[in-house]
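Once you know that position 43 of the sequence shown is 46 in this note's numbering, the rest is easy, because the numbers rise by one and skip nothing.
Note that the Cβ used here is the ideal one computed from N, Cα and C, for glycine as well.
One structure is given here, and the rest of the page talks about it.
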Amino acid sequence: MDSVSILQTLANAYLYGWAGAAVFFVLFIIVLRQNTSKTTLVSKLKKENKDMEQQLAESSEKISDLEAKVESLTGEAEERAAEISRLEDRLASAEKELGEKTEKLKNIDNELSSCRKENAEIKTKVSELEKKTSEQEIAIREKDNEIASLVEKAESLGTELEEVRENLTLATLYIHMKKLYDEYMQDYTQNILKGINTMKISDLDMATAQAIFEHAMNSFFNAGGQPVQEEEQTSNEAEEETDTNG
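This is how it looks when you write it as structure tokens:
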């Protein structure tokens with residue numbers, strides 16, 4: 004794995020961590036808005052229920068007053084009969100309305116219970132999401148540590164690879180120089196053998212021939228620049244080697 008892939012993996016892990024945090028934040032906002040809407044609805048329904056109870060209390064007071072008037076006005080039954088009938092109709096209507104309001108209040112209570120149950124389920128889901136998010140953060144930290152270790156290993160391997168490349172370059176240079184040296188020595192030996200064959204010396208060994216050849220080559224390249232004493236010394240050494248081998 005090269006350093007580019009490691010950096011890409013690290014960037015992906017970092018983006019995944021932020022994406023998980025963003026999802027959790029969005030879910031939290033949605034749940035909070037739902038709870039706020041339901042709380043507002045419950046408050047509104049409670050206010051309506053309170054208003055209905057107040058209206059019912061007022062209606063009950065009116066009914067009590069009317070009943071008292073009916074009892075006190077028994078002598079005026081005919082005059083009050085129509086009024087009593089109207090009051091009874093109003094009472095029936097109020098009782099009917101009260102029944103409808105009671106049924107509506109019952110439905111509201113059921114909805115409130117359902118909302119509470121739903122709210123408990125949402126809280127449970129939020130707790131689970133928080134737990135999962137915590138586990139994901141731990142996993143991301145572990146991945147970050149692994150990536151840091153891999154980056155460190157990659158840097159170490161890069162250093163070792165650079166050393167191997169340097170050694171390989173030196174080895175290649177050494178092989179090339181060795182090849183040139185072998186070619187030079189091969190040409191050098193062949194030149195000595197050619198010189199021996201040209202001189203037609205059959206009893207001359209390789210060491211003496213090599214010394215004579217080197218002396219001749221030095222004399223050729225120096226073009227008389229060496230002192231006469233060195234030439235005589237080289238000739239004497241060659242003669243001594245010839246006598247020894249002879």
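Separation of residue j from residue i, as counted between CA atoms
{"i": "Leu160", "j": "Ser40", "result": "60 Å"}
{"i": "Ser88", "j": "Lys47", "result": "36 Å"}
{"i": "Ile143", "j": "Ala174", "result": "45 Å"}
{"i": "Asn151", "j": "Ala157", "result": "The amino acid at residue 151 is misidentified as Asn; the sequence shows Ala. Their backbone Cα atoms lie some 10 Å apart in a straight line."}
{"i": "Arg119", "j": "Thr43", "result": "13 Å"}
{"i": "Glu98", "j": "Gln58", "result": "12 Å"}
{"i": "Leu183", "j": "Gln193", "result": "15 Å"}
{"i": "Glu56", "j": "Leu90", "result": "20 Å"}
{"i": "Met180", "j": "Tyr187", "result": "10 Å"}
{"i": "Gln189", "j": "Glu166", "result": "34 Å"}
{"i": "Ile33", "j": "Ala60", "result": "41 Å"}
{"i": "Ser67", "j": "Leu94", "result": "11 Å"}
{"i": "Glu81", "j": "Ser75", "result": "14 Å"}
{"i": "Lys134", "j": "Gln37", "result": "22 Å"}
{"i": "Ala84", "j": "Glu100", "result": "24 Å"}
Is there contact between the region 104-124 and the region 39-57, where contact requires at least three CB pairs shorter than 8 Å?
yes
Between the region 64-72 and the region 116-130, do at least 3 Cβ pairs fall closer than 8 Å?
no
The region 89-106 touching the region 126-135, judged by at least three CB pairs closer than 8 Å:
no
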